[in-house]
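Quick note on numbering: the UniProt record's numbering labels position 476 of the sequence shown as 476, and the sequence is numbered without any gaps.
Note that CB positions come from ideal geometry on N, CA and C, so glycine has one too.
Predicted model only: the values in this text are computed from it and were never measured.
One structure is given below, encoded as structure tokens.
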Amino acid sequence: MSREHYDRVAAQEKWQAFWEKDETYKPLDDGSRERRYVLDMFPYPSGDLHMGHAEAYAMGDVVSRFLRLKGFDVLHPIGWDSFGLPAENAAIRNNAHPAEWTYANIETQASSFKRYGLSLDWSRRLHTSDEEYYRWTQWLFLRFHERGLAYRKESFVNWCPKDQTVLANEQVVGGTCERCGTEVTKRKLRQWYFKITDYADRLLDDMSELEGGWPEHVLTMQRNWIGRSEGAHVDFRVEGRETPITVFTTRPDTLYGATYMVVAPDGDLAAELVSDGQRAEFEAYVEKVKRTSEIERQSTEREKTGVWLGVDAINPVNGERLPIWAADYVLADYGTGAIMAVPAHDQRDLDFARKFDLPVRTVLDVDGTDPAETGVATVGDGAYMNSGILDGLTDKSAGVSRMIAHLEADNGGVGTVQYRLRDWLLSRQRFWGCPIPIVHCEQCGEVPVPDEQLPVRLPDLRGDQLAPKGTSPLAAATDWVNTTCPRCGGAAQRDTDTMDTFVDSSWYFFRYCSPGYEEGPFRPEDVARWMPVAQYVGGVEHAILHLLYMRFFSKVLHDMGMVPFKEPMQRLLNQGQVINHGKAMSKSLGNGVDLGQQIDNYGVDAVRVTMIFAGPPEDDIDWAALSPASSLKFLQRAHRLAADVTSEPGVDFANGDRSLRKSTHQSIAEIDMLVGDGRFNVAVARIMELVNATRKAIDSGCGPADPAVREAAEFVAQALSLVAPYVAEEMWEMLGKEPSVANSRWPESDPQLAAEDTVTMVVQIQGKIRAKLEVPADIAEETAVELALADAGVQRSLAGREVVKVIAKLPKMVSLVPGK
């Protein structure tokens with residue numbers, strides 16, 4: 001290609017081949033440089049890359065390339081989260097094996113990743129559905145099981161009748177399955193759980209290590225999800241029942257205001273308590289509840305429903321009888337599955353009480369109103385009333401402490417801490433996932449598969465064999481299910497559930513540190529060398545579950561002595577969504593944008609520049625409002641700068657035009673700061689300004705042979721390599737530099753050249769700006785005050801008053817305080 005013309009297609013083919021042959025982006029890992037680990041949340045192979053991928057991976061690539069130029073040895077790996085339900089459903093439709101669809105899509109995506117010019121180390125590539133990977137997923141499960149962190153229990157779960165599998169609460173949208181739209185029901189199953197609640201306090205406390213590195217809203221979301229609450233367990237006796245009902249409450253001080261109790265209708269407790277006379281009505285109600293998602297049940301907008309169970313409980317502080325109701329706004333697996341209802345001071349309880357004509361008793365005088373009359377619960381602190389031992393108190397903490405002490409002395413309860421967080425349900429009744437390495441033996445019970453027998457491989461099922469049947473498809477593979485107990489040698493059956501794919505994604509970043517390692521999931525010294533991850537990049541939709549689960553895994557591995565840190569990701573960058581005409585892209589709306597077509601039309605570099613220049617990384621991008629054609633024109637202008645340079649490599653830049661050199665060094669300093677702060681869009685704007693400044697210098701007589709033109713063009717190539725790697729490589733080569741520009745070093749900014757000659761100094765009088773003056777950057781205070789006082793606008797504002805105080809923050813501001 002000619003020096004003047006930028007052939008984007010030829011450049012893409014040329015440099016892809018070079019990077020692959022040269023292994024440009026493979027880290028040295030020899031200790032010669034300080035290490036940094038940059039990681040993008042790995043993709044699911046559902047098809048080719050889309051516009052969301054284009055944005056997310058461009059952001060991570062900016063960070064990776066920048067750190068390389070700053071002299072770090074950078075690990076930037078790639079892999080695929082390749083188990084999951086979409087592959088299984090595709091296999092059923094196509095009468096095939098899920099692996100065929102999965103690995104074909106992986107190859108498509110891999111080709112597109114390479115085309116997109118990402119600085120990835122392909123030597124560490126992994127797929128979670130590979131036997132060599134899921135062997136270690138199973139190994140980790142067994143270590144959790146040994147520590148009592150993996151266990152089975154029966155519970156009601158969200159069940160999709162069409163996909164025939166358990167759904168997490170977050171996979172239920174409007175009462176339907178997010179994947180197929182089928183109405184979700186409840187089903188009681190014996191399921192595997194990880195005991196993440198054992199780590200609730202540490203998951204909360206260790207967030208202090210993430211402050212400043214993770215977005216504050218993500219930390220807030222995790223804190224709210226864990227939901228630590230201090231309060232008391234209170235015991236309510238039930239006549240004829242030996243065991244009392246235990247309720248957790250954060251406000252034991254309001255016990256005198258309890259007028260009824262509520263238990264979860266789908267829990268074991270309700271079925272135990274209901275009287276014979278109420279059983280038919282209760283069972284009909286439970287069937288209705290099963291068709292309602294937990295998220296809907298907790299909505300404050302829903303009309304309250306419930307049924308009386310025909311029994312009463314005894315309030316431990318005053319002996320009153322409290323009718324026990326079953327109502328769907330109480331969840332079976334949150335807390336104890338039962339609450340004491342204090343309707344005067346809780347709006348949900350008040351709404352329920354008013355609907356079913358239950359008593360309302362005010363025990364806190366908050367604002368002088370009566371909730372029984374207003375229909376509005378009073379919340380907050382107030383003077384205790386109708387509260388026996390608490391009457392006369394006005395301090396909430398004193399009231400809570402006194403009530404807990406009274407309960408403990410009277411054996412009616414105990415102070416405790418409760419969490420909103422529930423244990424992680426990891427069982428899935430589908431084929432295409434990691435098999436759970438447990439066998440069930442009538443003699444020995446649950447028996448772990450010995451490590452030397454791992455992996456427990458999936459059998460060869462395909463097509464109709466994978467069709468949902470109400471249980472896992474694995475259950476029908478009798479040759480696979482029937483096995484020998486590793487402990488007693490008798491007949492046994494394999495566990496037929498597979499693991500939630502969140503298990504696979506909770507440790508993949510460790511495996512990247514030790515590709516191909518066969519003695520464990522990773523070599524501890526490799527992880528200690530590369531981790532924690534310096535920058536993690538991905539969508540905010542994973543702000544709770546994925547990030548919480550991988551933090552949990554890391555803490556368990558820390559306790560096992562396998563990793564030396566508690567938090568695996570030092571910094572987190574969430575990118576926004578790519579939308580079109582104000583709406584999320586979807587086939588049904590017909591507003592999808594084909595990434596491949598955009599690249600064909602404008603080239604990879606133009607698409608990447610457009611994505612990054614559109615706004616801050618965390619903001620949504622409306623593709624309809626953007627112009628990749630304009631980005632391409634900018635890249636062609638930058639390319640021509642390199643073509644215009646006639647000075648030789650190695651020329652002494654100090655002899656160049658000072659004005660252009662000043663622009664270059666100011667750009668070096670500012671872009672360095674902007675990229676480090678994650679303000680990538682502003683960094684691109686500064687590159688554009690430097691290209692324009694260099695072109696203006698050439699056109700105004702500076703000349704292409706001037707060393708300052710070469711200095712500017714070389715830095716433009718380096719800065720552009722962060723966002724437009726193909727044109728940057730072309731420029732670097734035209735400038736006579738050794739490829740690759742990725743191996744160059746970010747230049748040091750000369751402080752004297754980067755310093756501004758003049759700045760805008762504001763003059764304030766009593767906090768109001770009265771003048772803006774251009775002054776030397778190194779102006780002395782005496783001179784600054786003289787110039788301020790000499791300004792006509794300042795004189796008019798002073799109106800002859802004497803200045804009694806001067807506050808100077810040079811060179812930006814002088815504040816004058818006049819006398820009266």
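- Beta-bridge annotation (DSSP): E211 is paired with W214.
- In the three-state reduction of the DSSP assignment, S123 falls in the strand class, which pools E and B.
- About 42 Å separates the Cβ atoms of D559 and L390, ruling out a contact at the 8 Å cut-off.
- Take A624, set aside five residues on each side of it, and the residues of its chain with a beta-carbon closer than 7 Å to its own are N580, H581, in chain order.
- Apart from sequence neighbours up to five positions away, the residues of its chain that approach A728 with a beta-carbon distance below 6 Å are A717, L720, S721, V741, ordered along the chain.
- Between D365 and Y384, the CB-CB gap stays under 9 Å.
- For C441, the beta-bridge partners assigned by DSSP are G445.
- I687 has its alpha-carbon roughly 7 Å from the corresponding atom of S667.
- Taken in chain order, the unbroken stretches of beta strand (DSSP E) that lie wholly in the region 179-262 and span 3 residues or more are 185-194, 228-238, 241-249.
- Sequence-distant partners of H542 (beyond 5 residues in either direction) whose C-beta falls short of 7 Å from its own C-beta, in its chain, are M41.
- Taking the CA atoms as reference points, G520 sits about 10 Å from E132.
- Counting only residues of its own chain and dropping the five nearest sequence neighbours on each side, N655 has a CB closer than 7 Å to the CB of P707.
- Unbroken beta strand (DSSP E) stretches of 3 residues or longer found wholly inside the region 268-352: 306-314, 321-327, 338-341, given in chain order.
- For R430, no beta strand (DSSP E) run applies, since DSSP gives it neither H nor E.
- The Cβ atoms of P468 and T165 lie closer than 9 Å to each other.
- Excluding sequence positions up to five before and after V74, its CB lies within less than 7 Å of the CB of P27, R36, V38, S64, L67, R68, all in the same chain and listed in chain order.
- Contact between V723 and V62 holds, with the beta-carbon distance rounding to 6 Å and staying under 8 Å.
- M51 sits in a helix when the DSSP states are folded into three classes.
- Bounds of the beta strand (DSSP E) holding Q764 are 758-765.
- Our two residues, Q795 and F634, have alpha carbons roughly 48 Å apart in a direct line.
- Per DSSP, the beta bridge partners of S155 are L189.
- Following the DSSP letters along the chain, one finds S112 inside the alpha helix (DSSP H) bounded by residues 98-115.
- A straight line joining the alpha-carbon of V379 with that of L167 spans about 35 Å.
- In the structure shown, P818 adopts extended strand secondary structure according to DSSP, grouped into three states.
- At the C-beta level, R430 and S397 stay beyond 9 Å of one another.
- Put simply, the region 613-620 does not touch the region 585-595. Fewer than three CB pairs are less than 8 Å apart.
- The C-alpha of I779 lies about 10 Å from the C-alpha of V785.
- For R686, the enclosing alpha helix (DSSP H) begins and ends at 680-697.
- The beta-carbon separation of M261 and A341, rounded to 6 Å, stays under the 8 Å limit for a contact.
- Residue environment analysis places P43 among the buried positions, since at least 16 neighbouring C-beta atoms fall within 10 angstroms of its C-beta.
- If you look at P725, you'll find it in the alpha helix (DSSP H) that goes 725-734.
- Of the residues assessed, I769 falls on the exposed side of the cut-off, its CB having fewer than 16 other CB atoms within 10 angstroms.
- Membership of Q535 in the beta strand (DSSP E) is indicated by the continuous run 535-539.
- In the three-state scheme derived from DSSP, where H, G and I count as helix and E and B as strand, N482 is classed as strand.
- The count of Cβ pairs closer than 8 Å, one atom from the region 179-186 and one from the region 135-143, stays below three, leaving the stretches out of contact.
- Secondary structure note for L75: its beta strand (DSSP E) is the uninterrupted segment 73-75.
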